[in-house]
Each structure stands twice: as structure tokens, then as C-alpha cells.
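These notes concern the structure reproduced below.
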Amino acid sequence: MTEETRALYDLRLGRYQAAIALEPTDRVPIAAGSNYFAEVYSGNTNQETLYDPAKWLAAEMAFVRDFPETDVLRNNRLWGPQLDAIGLRTYKLPGRDLPARDQFQFVEREYMMADEYDELIADPLAFMFERWLPRVLGEYESPGSSRSYLAFLKSGMAQSMFAQIMRNRSAQLQEVCGMPQPMTGAFVAPFDVLADTMRGLTGAIMDCFRQPEKVVAACDRLVEEMANFALSTADPLRRYPIFVPTHKACFLSPEQFDRFYWPSFKRVLEILIGAGYKVRAYLEGDWGAHWHHMLELPKGSVVCDIDNQGDIFRAKKDIGHHQCLAGGIQDSEFILGTPEGIRSRVRELCETVGEGGGFIIGGGCNIPYTTKPENYRAMIDAVLEFGVYSPDIAPRPKDTAGPIEVRAFAFPKRATPWQVKKGELGGSVPGDERLIREPWEQLEAMAYAWLWQWTM
Amino acid sequence: MTEERNEGLHPLTVALRDLDETAVNTLVEHEIDAQTPALRVVGYLNDGMVAVGRLFAEDEYFISQLIFSAEIFRGVMARLAPLLGGADPGEGGGKVVVGTVKGDIHDIGKNIVVTLLRGSGFEVVDVGVDVPAERFVEAVRESGAKVVGLSALLNFTYPEMKHVVDTFVAAGLRDQVSIIVGGSPVNEQVREFAGADHYAEDAVTGVDICASIYR
Numbered sequence: 020m021t022e023e024t025r026a027l028y029d030l031r032l033g034r035y036q037a038a039i040a041l042e043p044t045d046r047v048p049i050a051a052g053s054n055y056f057a058e059v060y061s062g063n064t065n066q067e068t069l070y071d072p073a074k075w076l077a078a079e080m081a082f083v084r085d086f087p088e089t090d091v092l093r094n095n096r097l098w099g100p101q102l103d104a105i106g107l108r109t110y111k112l113p114g115r116d117l118p119a120r121d122q123f124q125f126v127e128r129e130y131m132m133a134d135e136y137d138e139l140i141a142d143p144l145a146f147m148f149e150r151w152l153p154r155v156l157g158e159y160e161s162p163g164s165s166r167s168y169l170a171f172l173k174s175g176m177a178q179s180m181f182a183q184i185m186r187n188r189s190a191q192l193q194e195v196c197g198m199p200q201p202m203t204g205a206f207v208a209p210f211d212v213l214a215d216t217m218r219g220l221t222g223a224i225m226d227c228f229r230q231p232e233k234v235v236a237a238c239d240r241l242v243e244e245m246a247n248f249a250l251s252t253a254d255p256l257r258r259y260p261i262f263v264p265t266h267k268a269c270f271l272s273p274e275q276f277d278r279f280y281w282p283s284f285k286r287v288l289e290i291l292i293g294a295g296y297k298v299r300a301y302l303e304g305d306w307g308a309h310w311h312h313m314l315e316l317p318k319g320s321v322v323c324d325i326d327n328q329g330d331i332f333r334a335k336k337d338i339g340h341h342q343c344l345a346g347g348i349q350d351s352e353f354i355l356g357t358p359e360g361i362r363s364r365v366r367e368l369c370e371t372v373g374e375g376g377g378f379i380i381g382g383g384c385n386i387p388y389t390t391k392p393e394n395y396r397a398m399i400d401a402v403l404e405f406g407v408y409s410p411d412i413a414p415r416p417k418d419t420a421g422p423i424e425v426r427a428f429a430f431p432k433r434a435t436p437w438q439v440k441k442g443e444l445g446g447s448v449p450g451d452e453r454l455i456r457e458p459w460e461q462l463e464a465m466a467y468a469w470l471w472q473w474t475m
Numbered sequence: 162m163t164e165e166r167n168e169g170l171h172p173l174t175v176a177l178r179d180l181d182e183t184a185v186n187t188l189v190e191h192e193i194d195a196q197t198p199a200l201r202v203v204g205y206l207n208d209g210m211v212a213v214g215r216l217f218a219e220d221e222y223f224i225s226q227l228i229f230s231a232e233i234f235r236g237v238m239a240r241l242a243p244l245l246g247g248a249d250p251g252e253g254g255g256k257v258v259v260g261t262v263k264g265d266i267h268d269i270g271k272n273i274v275v276t277l278l279r280g281s282g283f284e285v286v287d288v289g290v291d292v293p294a295e296r297f298v299e300a301v302r303e304s305g306a307k308v309v310g311l312s313a314l315l316n317f318t319y320p321e322m323k324h325v326v327d328t329f330v331a332a333g334l335r336d337q338v339s340i341i342v343g344g345s346p347v348n349e350q351v352r353e354f355a356g357a358d359h360y361a362e363d364a365v366t367g368v369d370i371c372a373s374i375y376r
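Chains as they are written, first to last, in the working numbering: chain B, 20 to 475; chain H, 162 to 376.
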């Protein structure tokens, strides 16, 4: 990395981290977490983003060259070949199921039945293998078949390949473009595990009315699983926040949110914050009735992305003094609006939501694929005009590295813990046990995380 | 719920409004046993759905309660269907064509609107998800509906919404239908771009617009 690129990386990351921590910085960061526009700006199809890592990276590098004021891009969580290897049914992919230029879409179905809560709560791993995975993974539809064994093998290999792709992408963006990541690692709120990929929204809502205790117990049981998954996928250096898209909170009444959504979600957040991480939460839909709960978490610990339906000005009054807010520009304004319209919106945002810091500009949880380039440019120009706090401040990244201490989990996060394996080996090994135990545990942890990613 | 609020309402209407699923089911069985005409029972349920919509409009109910009321309604309508003797409870009510536009497979919002409309006595032609413009036109031709509702979750569907409106123009039917757009990325700016007649901020607003068109 050249010195110039290093300085640019430090500046961008420092600015981003300062906004998250509600600390003074030089200007409002241009840091939407899901910059879809960057992926297709160069003319790439959405299929190429998901299937051709070299083209994906090249597209984003072209974007950074044309819009160098952008502070972060998007990390994709999906790689087409990995989903194909296992036959994941929860997504329709461009180029495979949809026209190549369409965006991927989530397929919500009832993948868990209303009477299966007890099985999930008693033994999530057994529940997954016996009930849920055969419904969610097409290649595992007939467990025990040669095809299903090979599919697991292929998907495990694909997982390593995908990790390598992401490492390479992150390193290239950092070293060639001086570009940090908006977030690394992800999870979903326990209630969303149920309402997205298990029961679906309608099923989960029926359950809230018909068997509320089961819903609460299942959410409780999923707390550690989500925390473990988030930590296994997070940035080991803690430079970047962990991502959580909150999908179904916006459908709930405040009483339901307080009972079914928040307690377990808060516990996951507390574990991650306790481990030294920040979290970037997409508050999808209108969270106006719920976001006051963010005041219960440490100041500057959760970036709250306000969606199109949310009132970011009200969010500023309600929680903006305690958590960083992101968003402010309607999707329709990027797609249909004019540079003049964007300029006046950015000015309004910088003068109100941006006041005193703790504000990241962008769309409602994204920059749309079909954004007009002149509108994106107008947003940048307006930030440089109205969003400068103090040109004398030179933001620097925080020192976030250091050992991670995570409270021990009550439930094992391994299918076969080392103690079991060691017992099978006769209770002791003649050589250096550590040389055997550590890779065993590492592979167990990776396989365990592999299982839970299908709930995303 | 206060006594005052229940005044003049049938117990079935009250039970549905209050989302008391067990009571709704029991009361429907009671009406069936008493040989109350099925259409009249549907009428009590319609009043309940309208009351739920009103509570939503007053911010007392949230979407989850709309969804639950819709499920209760669907459940008892399935129970009543054989007793209706082929009569369509929506017949005589306004007709509405509803679908998610081409390119988008999301159906949560669309389904809430469909059930609320049915619950409010409308005859609904649900054309599904990922619906091509021509299908909306065809459904209007077949049903004679005066209202078309376009739903979407994804923001890249704005041009498709406009395309649907333009297809109605090309088919010579634009003057005969009111087109409503709704869904999370939709707002007044999108309505204007698409050339639609109304933007519905939520499902209940959409039902109210349909009611005003047919009034």
C-alpha cells in the first residue's frame, strides 16, 4: 500500500468510526452500508456481482475512481456458487432464477411448522438436520443420499473459497483504493430467524397470538446462536461494525415488540458490544414506535439506519444524541429525483440531523441500483458544501484490536466437542494434544457457523 | 374494549375486532347451528374487519394485528364457503384487481390488502406476484373492475409501475380505471412518475380509496 493510499484508508475509516462513536470529525461520512449502485454502475449485471468476484471487484474499483469521496462500499453476503452447491431455496438469484439485471429476492415460506417449536428449543442442531435443513436446502432434500453428502462437502469447500474471495476483495479495496468496509460479519435478531427463514412473517405472527410462550422461548434459545454466528463472522480486528438487518420488527405493535423482539435482540447486541464490537442495524420499515429502546445500549454502540418509511428528524430527537443515525434520502429521490432536489435535501439533513455529528448520509438502508449518477454526484457535492464540520480535524482509525473476551456460552457451539473426541481416542493422546485439539475445534466452529448461515 | 364501543355491534363483529379467535370460531359455529344465513354471518365479519381497519387508522392496531385479523377472517370464510351455496359474498360489492408488479415476487403487503378488501365486502381479483402489465389489463377486461392496485417492495419497479399505467392507456382503458400504487418504496413522487391516480400509504388507506371510488 502506498503512503497516500494508507492515509486515505485511515481518513475514511477514522471518519466513519468517529461518526459511529458520536465524536467530532471533519465531515459527514458518505457511507451507506448497502451501495447497490456501486455494483452495477460500471455496467455489470447483478448476476456478475453474485457469480464473478473479479468483475464485482472491478466494478467497485471503477466506482471508487469516479466517486472517490465515498467512504465505504457494500460487502455482499452471498456468493452464487455456494448457494447452488447446497441448493438454498430461500433466495431467487439473478441470472439463475431471475433476469440477470434484476436483484436477488428472498423467498419466504413456512420452512418450520407451528408444532415444531419444542424440537427447536430442545436441540437446535437436531431440529435443523431433521426438520429444517431438508426443507431449506434442495440438495439435502433426501438426507443420507450420495448427492446430499457430496452437496455438504461441496458447500464446505465453497465456504472456504468464498472466504478467500472476501479476504482478497477487502485487501484489494484497502490496498489499492484505500477503502474500508462498512461492516463485517452479520446476524439477524432471534425473532427474525423465526419470522424470516423458519415460520415466515404470517406464521410467526399467528404464533405470537396462539402460542406466545413458545415464541419467547425460541427467541431466548436463539440468542447465543446468533451471537456466536455474528462473532464467528466478524472482523477479528474490530475495525468494522457487525451487520444486522431487522426485517420484521416494523410489523409488530409496541407491546409485541417489547415481548417478542426486543429482549432477545438486546441480549445479542449486549454480547457483541461487550466483546468490543459496534453494530450496524438496518431499522427496516418504520421503527418509530420501537427505536427508543436503543437508548438502553451504550452510547455510540449501534448505528441505526433509518429506512424510507422512518422519520429521521424524529429519530434525531428521540435517539440521535445517543446513537449514530444513517440515511435520510428517499430511494425515489435517487431514482426519480433531480440534482437540485438532492442538494436541498442534503442541506436540510446536514443542518438538522447532522448537527453535532453522529450522522452518516445515504438512502433508506441502501443506495438503489437504479440511482441516477448525477443524483449520487449531487449528494456528494452537497455533503462537501454543507456537511463539513471542521476541516482541521484529521480523522484517524481507533485502536480496536486486542484480545476478545466473550462470556462463555451456556450451550456448546460444536456438534462434537473436543472432550468427546478425546474420549473416543482413549481419553488421552501420546503426543501434543494442542496440535490436535486446536484444528479440531477450529473446524468444528467453522462447520457450526456454516449451519447457521442459512438462517440469514 | 368498553361497553360503549360495542354498542349496536353483533358479538361476532366485536370478537373479530378484538382479535379473539376462539370467540370468533365459537360464534360462527353458533350462527351456523342457528341456521343464520351465511351471507348475514359474512356481513357481521365484514363489519369486524372494517372496525379492525379503523383501529389501524387510529394507530391503535399495528400491521401484525391486521395480519392476524385477516387470518381469522380467512379461516372462518373457509368454514362458511360450503354454506354460501356458490354465492360470492363480494358480489355486488366493488371489484378490485390487485397484484405485485413484474420483477417483484413479494406478497406480504399485497396479501394484506387483498384480505382487507375482501373483508370489507369487495370482490377481489388477486393476480398474484411478478405480474406482467398485460395481465392487469386482461383482469380488468374480464372482471370489469374499476380499480387496480399495484404493489411492490423493490425500488427498481418504478418503471414497471409506469409501464402498467401506460399499458392501460394503450389498451384504451385508462379512463375506466383508477390505479392505486402502494408498497414500502412508494410515495407521492413515485405515483406522479408512474402516472397513477392514488398513492396508498398503507393497506387501510388503500381500502378507503377503493371505497371512495365505488361510493
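Where is the CB? At the ideal position from N, CA and C, for every residue including glycine.
For ALA300 of chain B, which beta-bridge partners are listed by DSSP?
Locating residue 300 of chain B in the first sequence gives position 281, where the first residue counts as 1. B:VAL263 and B:CYS323.
What residues in its chain sit with their C-beta under 6 angstroms from that of THR474 of chain B, if we drop five residues either side in the sequence?
By one-based count along the first sequence, residue 474 of chain B stands at place 455. Only VAL212 and THR216 meet the Cβ criterion.
Flag ILE269 of chain H as yes if its beta-carbon sits less than 8 angstroms from any beta-carbon of chain B, otherwise no.
Taking the first residue of the second sequence as 1, we reach residue 269 of chain H at position 108. It does: the Cβ of ILE269 of chain H has a partner Cβ on chain B nearer than 8 angstroms.
Which two residues bound the contiguous alpha helix (DSSP H) that contains LYS256 of chain H?
One-based indexing of the second sequence puts residue 256 of chain H at position 95. Here LYS256 of chain H belongs to no alpha helix (DSSP H); instead the beta strand (DSSP E) covers 256–262.
Have a look at B:GLN183, B:GLN349 and B:ILE290 and flag the residue whose alpha-carbon is nearest the alpha-carbon of GLU424 of chain B.
Position 405 of the first sequence, counted from the first residue, corresponds to residue 424 of chain B. Ranking the options by Cα distance to GLU424 of chain B, first place goes to B:ILE290.
Less than 8 angstroms between the beta carbons of VAL286 of chain H and VAL258 of chain H, yes or no?
On the second sequence, residue 286 of chain H is found 125 positions in, with the first residue counted as 1. On the second sequence, residue 258 of chain H is found 97 positions in, with the first residue counted as 1. Cβ atoms of VAL286 of chain H and VAL258 of chain H: closer than 8 angstroms.
Quick check on VAL213 of chain H: does DSSP put it in helix, strand or coil?
Stepping through the second sequence from its first residue, residue 213 of chain H is reached at position 52. Helix at VAL213 of chain H.
Where ASN348 of chain H falls: helix, strand or coil (DSSP)
On the second sequence, residue 348 of chain H is found 187 positions in, with the first residue counted as 1. Coil.
Taking beta-carbon pairs under 7 angstroms, can you tell me which members of the segment 256–276 of chain B lie near chain H?
Taking 7 angstroms as the Cβ-Cβ cut-off against chain H, the residues of the segment 256–276 of chain B that qualify are PHE270, LEU271, SER272 and GLN275.
Would a check of beta-carbon distances place VAL262 of chain H closer than 8 angstroms to chain B?
Counting from 1 along the second sequence, the entry for residue 262 of chain H is found at position 101. Residue contact check for VAL262 of chain H against chain B: no CB pair falls below 8 angstroms.
Using only the alpha-carbon positions, how far apart do GLY279 of chain H and MET132 of chain B sit?
As a working mapping, residue 279 of chain H is identified with position 118 in the second sequence. As a working mapping, residue 132 of chain B is identified with position 113 in the first sequence. According to the sequence displayed, residue 279 of chain H carries Arg and not Gly. In a straight line, the C-alpha of ARG279 of chain H is about 27 angstroms away from that of MET132 of chain B.
I need the straight-line Cα distance from ALA184 of chain H to LEU271 of chain B, nearest angstrom please.
Taking the first residue of the second sequence as 1, we reach residue 184 of chain H at position 23. Taking the first residue of the first sequence as 1, we reach residue 271 of chain B at position 252. If I take the Cα positions, the gap works out to 23 angstroms.
Could you tell me whether the Cβ atoms of TYR360 of chain H and GLY255 of chain H are closer together than 8 angstroms?
On the second sequence, position 199 is the one that residue 360 of chain H refers to. On the second sequence, position 94 is the one that residue 255 of chain H refers to. In this structure, TYR360 of chain H lies away from GLY255 of chain H, with their beta-carbon atoms at least 8 angstroms apart.
Does the Cβ of VAL439 of chain B have 16 or more other Cβ atoms within 10 Å, making it buried, or fewer, making it exposed?
The residue you call residue 439 of chain B lines up with position 420 of the first sequence. Exposed is the call here.
How is the alpha helix (DSSP H) around TYR319 of chain H delimited, first residue to last?
Against the second sequence, residue 319 of chain H aligns to sequence position 158. 319–331 is the span of the alpha helix (DSSP H), which, as asked, contains TYR319 of chain H.
Which residues of chain B have a Cβ atom closer than 8 angstroms to the Cβ of TYR319 of chain H, listed in chain order?
Your numbering for residue 319 of chain H matches position 158 in the second sequence. What TYR319 of chain H touches in chain B: SER351, ILE354, LEU355 and THR389.
Interface partners of CYS227 of chain B on chain H, CB under 9 angstroms:
If you number the first sequence from 1, residue 227 of chain B lands on position 208. Below the 9 angstroms Cβ cutoff, chain H contributes SER225 and PHE229 as neighbours of CYS227 of chain B, in chain order.
Contact belief for SER53 of chain B with ARG93 of chain B at Cβ below 8 angstroms, rounded distance in angstroms
If you number the first sequence from 1, residue 53 of chain B lands on position 34. If you number the first sequence from 1, residue 93 of chain B lands on position 74. At roughly 5 angstroms, the Cβ-Cβ gap stays under 8 angstroms, so SER53 of chain B and ARG93 of chain B are in contact.
Determine the DSSP secondary structure at ALA420 of chain B, reduced to helix, strand or coil.
Taking the first sequence and counting its residues from 1, the one referred to as residue 420 of chain B is at position 401. Per DSSP, reduced to three states, the secondary structure at ALA420 of chain B is coil, with no helix or strand assignment.
If we define contact as Cβ-Cβ less than 8 angstroms, is SER312 of chain H a contact residue for chain B?
On the second sequence, residue 312 of chain H is found 151 positions in, with the first residue counted as 1. It does not: the Cβ of SER312 of chain H has no partner Cβ on chain B nearer than 8 angstroms.
Would you list the one or two residues that DSSP bridges to HIS359 of chain H?
Within the second sequence, residue 359 of chain H is the residue found at index 198, counting from 1. In the DSSP output, where bridge partners are listed per residue, HIS359 of chain H has H:ILE341.
Using a Cβ-Cβ distance under 8 angstroms, would VAL351 of chain H count as near chain B?
The residue given as residue 351 of chain H occupies position 190 in the second sequence. Yes - at least one Cβ of chain B is within 8 angstroms of the one on VAL351 of chain H.
Apart from the five residues on each side of it in sequence, which residues of its chain come closer than 7 angstroms, Cβ to Cβ, to GLY329 of chain B?
Stepping through the first sequence from its first residue, residue 329 of chain B is reached at position 310. Once the five neighbours on either side are set aside, the close Cβ partners of GLY329 of chain B are LEU302, ASP305, TRP306 and GLY307.
Taking the Cβ atom as the reference point for each residue, do GLU232 of chain H and THR221 of chain B lie within a distance shorter than 8 angstroms?
Here residue 232 of chain H refers to the residue found at position 71 when the second sequence is read from its first residue. Here residue 221 of chain B refers to the residue found at position 202 when the first sequence is read from its first residue. Contact: yes.
Threshold first: 4 residues or longer. Then list the alpha helix (DSSP H) segments lying entirely within the segment 378–410 of chain B, N to C.
Listed in chain order, the complete alpha helix (DSSP H) runs (minimum 4 residues) inside the segment 378–410 of chain B are 392–405.
Nearest to PRO320 of chain H by alpha carbon, out of H:GLY356, H:LEU227 and H:HIS267?
Counting from one through the second sequence, the residue named residue 320 of chain H turns up at place 159. Out of H:GLY356, H:LEU227 and H:HIS267, the CA that lies nearest to the CA of PRO320 of chain H is found in H:GLY356.
Contact under 8 angstroms by Cβ, ALA199 of chain H with LEU244 of chain H
What you label residue 199 of chain H is simply residue 38 of the second sequence in a count that begins at 1. What you label residue 244 of chain H is simply residue 83 of the second sequence in a count that begins at 1. The answer is yes: Cβ separation under 8 angstroms.
Please report how far the alpha carbon of MET162 of chain H lies from the alpha carbon of ASP249 of chain H, in whole angstroms.
Position 1 of the second sequence holds residue 162 of chain H. Position 88 of the second sequence holds residue 249 of chain H. Low per-residue confidence applies at MET162 of chain H: pLDDT is 49, beneath 50, and the placement is therefore not dependable, though the value from the model is reported in the following sentence. Straight through space, the alpha carbons of ASP249 of chain H and MET162 of chain H are spaced by roughly 32 angstroms.
Can you check whether the CB of LYS297 of chain B is closer than 8 angstroms to the CB of SER320 of chain B?
Stepping through the first sequence from its first residue, residue 320 of chain B is reached at position 301. Stepping through the first sequence from its first residue, residue 297 of chain B is reached at position 278. Result yes, Cβ atoms of SER320 of chain B and LYS297 of chain B sit closer than 8 angstroms.
Give a yes or no on whether the minimum CB-CB distance between GLU219 of chain H and chain B is below 8 angstroms.
Translated into positions along the second sequence, residue 219 of chain H becomes position 58. No, GLU219 of chain H does not count as interfacial toward chain B.
Does the separation of the CB atoms of ILE292 of chain B and MET202 of chain B fall below 8 angstroms?
Sequence index remark: in the first sequence, residue 292 of chain B carries index 273 (1-based). Sequence index remark: in the first sequence, residue 202 of chain B carries index 183 (1-based). Cβ distance not < 8 angstroms, so ILE292 of chain B and MET202 of chain B don't count as in contact.
Taking the CB atoms as reference points, tell me whether PHE228 of chain B and LEU180 of chain H lie closer together than 8 angstroms.
One-based indexing of the first sequence puts residue 228 of chain B at position 209. One-based indexing of the second sequence puts residue 180 of chain H at position 19. A distance below 8 angstroms separates the beta carbons of PHE228 of chain B and LEU180 of chain H.
Around the Cβ of HIS312 of chain B, are there at least 16 other Cβ atoms within 10 angstroms (buried) or fewer (exposed)?
Sequence index remark: in the first sequence, residue 312 of chain B carries index 293 (1-based). HIS312 of chain B should be labelled buried.
Taking 8 angstroms as the threshold (beta carbon to beta carbon), is GLY62 of chain B in contact with chain H?
Counting from one through the first sequence, the residue named residue 62 of chain B turns up at place 43. Chain H contact via Cβ: absent.
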